[in-house]
Amino acid sequence: MRGIRLTNEDLLRTVKVYQEHPVVNDAIDASGLIRSQFYRHLKMAAARGLISATDIQPHQRRFRGPTLAPVNLPDRATTRQRDELLALRKALKDAHREADVADAIREIVGDIANSTRDLPPWMCEPAQRVKGKPTPEVPVTVITDLHLGERVEREEVNGFNEYNMAVAEERLERYATKVVQLCRHHHLAGTYPGAVVCLGGDNVSGGLHPELKATDEEEVIPASIKAVDWLAGILHRFADTFGRLYVPCVAGNHGRGTAKPEFKRYYKKNFDWLIYQMLVRHFADDHRIQFDIRPSNDVNFRVYRTRYLLLHGDMLGVKGGDGIIGVLGPIMRGEVKRSGQSSALGTPFDKMIMGHWHQRLWLPRAIVAGSPKGFDEYAKNQLGAKPDRPTQPLWFEHPAHGMTAHWDVYVDTKPAAATEWVAWTTKGGVA
0 MRGIRLTNED LLRTVKVYQE HPVVNDAIDA SGLIRSQFYR HLKMAAARGL ISATDIQPHQ
60 RRFRGPTLAP VNLPDRATTR QRDELLALRK ALKDAHREAD VADAIREIVG DIANSTRDLP
120 PWMCEPAQRV KGKPTPEVPV TVITDLHLGE RVEREEVNGF NEYNMAVAEE RLERYATKVV
180 QLCRHHHLAG TYPGAVVCLG GDNVSGGLHP ELKATDEEEV IPASIKAVDW LAGILHRFAD
240 TFGRLYVPCV AGNHGRGTAK PEFKRYYKKN FDWLIYQMLV RHFADDHRIQ FDIRPSNDVN
300 FRVYRTRYLL LHGDMLGVKG GDGIIGVLGP IMRGEVKRSG QSSALGTPFD KMIMGHWHQR
360 LWLPRAIVAG SPKGFDEYAK NQLGAKPDRP TQPLWFEHPA HGMTAHWDVY VDTKPAAATE
420 WVAWTTKGGV A
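Quick note: the sequence shown uses numbering that gives the first Met the number 0, first residue 0, plus one each step.
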């Protein structure tokens, strides 16, 4: 204790315990002292000449510790074999899991082949012209980027637009009605050999980004069910109007079930693909409608002489836009890259059809569809884009002249009609 002078006898007792126990921890326990007191006694004994300083070597003495069993380390060959076994077990488990998922999908949608089928003859061979009637043309339209489940708040886009499940249903109904009216009353006003309806993907929002997960009105599964119902209704109506339909289908990026884009078996990890398979099953007994769904997730087809490539538009092999020309840069660069790739693969095309960019563009070698969703918060705040009305494209293919007319099918409510058919500039203003 501090303040009490230790006698030589006190110090010798500590030295004796230290000499009797080869293990330092045992000596400390036997002395009844704490570790710091024990070492202080030894140092004082050496200072008084009661013990040689060389006899105090606690770092050379063995400390008490747990007795460890000898470990036999495996050699490198054994370690490699164990690693290979673990890898094989994981691969087998993943294969079983994937097979279970495939079996579950087959139970729901049936065993549907994805092989490319031959194009219907009416798409390649001109229909017989009736004397005194115009040459029958083929209507081609696109349904893409529905983003069902997403919500656009009117207040957040300065009142220009609003989007939710109720608005989406109204716009799809308006789209189908206008396509039929345009074909019946504003073009040939006659019969058609058939129609091409391209399904371009992004049918559901899918909660692709954190903000969509937090604000979407519907989750991906109920939104997918609605997509099947509404698309089936449109296809029924078009089949009744045009007699025959060819329906090429591609999946978009919003329907994917992975956090980041994956490139192997892309289509099978996508809710768009599941929606298309449900549509195939729905129309299994309706021979007027032919679907074309391919593992490559793009579809090459021909209407009369015009060769088309349908893809969603998110995988053009290019990135980035321009503050002046916007999406035109990546789209045109992507068209050049895809054209070279398709020619090398033996599948050249004349025009590329896509969605994804939510802008209506009629370009010399590309047709870019708008979105029924319309102007949203991302376009306003991130892109600084000018607001535009929601549209889907419609055009007509002539057997000799190719595209003869194209329409922007507006799917929002009709604006107020103008009261004057023409006006001209007077003194810097419009009369």
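Note that CB positions come from ideal geometry on N, CA and C, so glycine has one too.
Around the beta-carbon of Leu85, fewer than 16 other beta-carbon atoms lie within 10 Å, marking it exposed. In this structure, DSSP gives Arg34 a helical state, which the three-state scheme calls helix. When C-beta atoms of the stretch 220-230 are compared with those of the stretch 266-277, three or more pairs fall below 8 Å, so the two segments count as touching.
Contact annotation: Asp297 and Leu310 have beta-carbon atoms nearer than 8 Å. A Cβ-Cβ contact shorter than 8 Å links Arg359 with Asp407. Ile288: member of the beta strand (DSSP E) spanning 288-292, first to last residue. Between the alpha carbons of Thr403 and Val137 lies a distance of about 10 Å. Contact between Met351 and Arg364 holds: CB atoms are separated by about 6 Å, below the 8 Å threshold. For Val16, same chain residues with a beta-carbon under 6 Å away, outside a window of 5 residues either side, are Ala26, Ala29, Ser30 in chain order. Each of Gly48, Arg306, Thr143, Leu32 was checked against the Cα of Gly345, and the nearest Cα belongs to Arg306. For Lys350, the uninterrupted beta strand (DSSP E) segment begins and ends at 350-353. Spanning the alpha carbons of His355 and Glu419 requires a straight line of approximately 37 Å. In the structure shown, Val317 falls within a coil segment according to DSSP collapsed to helix, strand and coil. Ranked by how close their Cα comes to the Cα of Val178, the residues Ile292, Phe395, Ala415, Val23 have Phe395 in first place.
Here the alpha carbon of Leu147 sits roughly 12 Å from the alpha carbon of Thr214. By the criterion of a C-beta distance shorter than 6 Å, Arg34 is surrounded in its chain by Ile27, once the five residues flanking it on both sides are discounted. Taken in chain order, the whole beta strand (DSSP E) runs of length 3 or more contained in the stretch 176-254 are 194-198, 244-248.
Here Asp291 is near Val246, since their CB atoms are less than 8 Å apart.
When the five nearest sequence neighbours on each side are left out, the beta carbons in the same chain lying within less than 8 Å of the beta carbon of Phe282 are those of Ala231, Leu234, Ile288, Phe290, in order along the chain. The beta carbon of Gly254 sits closer than 6 Å to the beta carbons of Val203, Gly205, Asn269, Phe270, Asp271 from its chain, once the five residues preceding and following it are set aside; these are given in chain order.
Scanning Leu207, Gln180, Arg280, Val156 for the CA closest to the CA of Pro386 turns up Val156.
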